[in-house]
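Going by the numbering used here, the first sequence opens with residue 596, and the numbers climb by one from there. What follows is a set of notes on a single structure, which appears directly below.
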Amino acid sequence: MDKSVCNNSQDVEVRKGPWTMEEDLILMNYIANHGEGVWNTLARAAGLKRTGKSCRLRWLNYLRPDVRRGNITPEEQLLIMELHAKWGNRWSKIAKHLPGRTDNEIKNYWRTRIQKHIKQADQTFTGINPENINHDQASTSQISSSFLPDHAVETYSPTSFDGHMENNFHGPFPFPNESNDTVWSMEDLWSIQLLNGD
DNA sequence: AATTAGGGCAACCGCGAGTGG
DNA sequence: ACCACTCGCGGTTGCCCTAAT
596 MDKSVCNNSQ
606 DVEVRKGPWT
616 MEEDLILMNY
626 IANHGEGVWN
636 TLARAAGLKR
646 TGKSCRLRWL
656 NYLRPDVRRG
666 NITPEEQLLI
676 MELHAKWGNR
686 WSKIAKHLPG
696 RTDNEIKNYW
706 RTRIQKHIKQ
716 ADQTFTGINP
726 ENINHDQAST
736 SQISSSFLPD
746 HAVETYSPTS
756 FDGHMENNFH
766 GPFPFPNESN
776 DTVWSMEDLW
786 SIQLLNGD
């Protein structure tokens, strides 16, 4: 899947779609050596044919060393539900209270897991057509009593999450000891991947 | 074994807010 | 005050994988 787009007459190619390991390496090496900055500038300076926006997203959601992946714990699930009941779809705000979790991850988790349970619960307990319900605020707190910790353990299946990750290496990446010229090799990344359980 | 359907996740898109010239 | 640019956010889409048929 090598989608790319030429934006203008000067043939500035912009890559889209999934990131390759080479691109990840370039971005990680660049940030390790220069730090984060203005993303558009960074993308160009690093030689990536990506938008700054794309680089930022990739870094924040996947490459950042403190990103935790997989296995949302029952405690985290409960916290997500509490905070969602309080703030609604303010994913970034919610994510700030879950160290290592990204807004995107929480948002996906909510949509694929919790919202599904809510719909099921709505149908089971009320017989109301879930299409007619605004789940964002009200129904969350209404339903949350059915998600007590032990129930959360029962309903959450970690294996279904981990099973999807074979083709990508995992965060978090422990950055190597800071030297002035930190360069990641393929071997580094693969060994990290192995350490993370592949 | 092949096909289909659904789930789960990564990534893109559009919009609004913030900032500097 | 206006404009251009960047960032951050939330919604949505597209793709891959797995389970079911």
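Using N, Cα and C, we set each Cβ at its ideal position, and we do this for glycine too.
In terms of Cα proximity to Val662, the closest of Ile701, Leu673, Gly630, Ile675 is Ile701. Judged by DSSP secondary structure, Glu618 falls outside any beta strand (DSSP E) and instead within the alpha helix (DSSP H) spanning 616-629. When rounded, the separation of the alpha-carbon atoms in Arg659 and Trp614 is 15 Å.
Per DSSP, Arg639 lies in no beta strand (DSSP E) segment; the continuous alpha helix (DSSP H) that holds it begins and ends at 634-640.
Here DSSP, grouped into helix, strand and coil, assigns Arg663 to coil. Closest in C-alpha terms to Glu608, from the list Arg645, Ala640, Ile621, Gly665, comes Arg645. In this structure, Glu671 keeps its C-beta atom at 8 Å or more from the C-beta atom of Leu643. In the structure shown, Gly647 adopts helical secondary structure according to DSSP, grouped into three states. A direct Cα-to-Cα measurement between Asn684 and His629 gives close to 34 Å. In terms of Cβ geometry, Thr697 and Asn666 do not form a close pair [threshold 8 Å]. DSSP places Thr707 in the helix class (H, G or I) of the three-state scheme.
Within the model, the alpha-carbon separation for Ala627 versus Leu674 is close to 32 Å. In the three-state reduction of the DSSP assignment, Pro669 falls in the helix class. With fewer than 16 other Cβ atoms inside 10 Å of its own Cβ, Trp682 counts as exposed.
Ranked by how close their Cα comes to the Cα of His712, the residues Thr668, Met676, Lys648, Leu622 have Met676 in first place.
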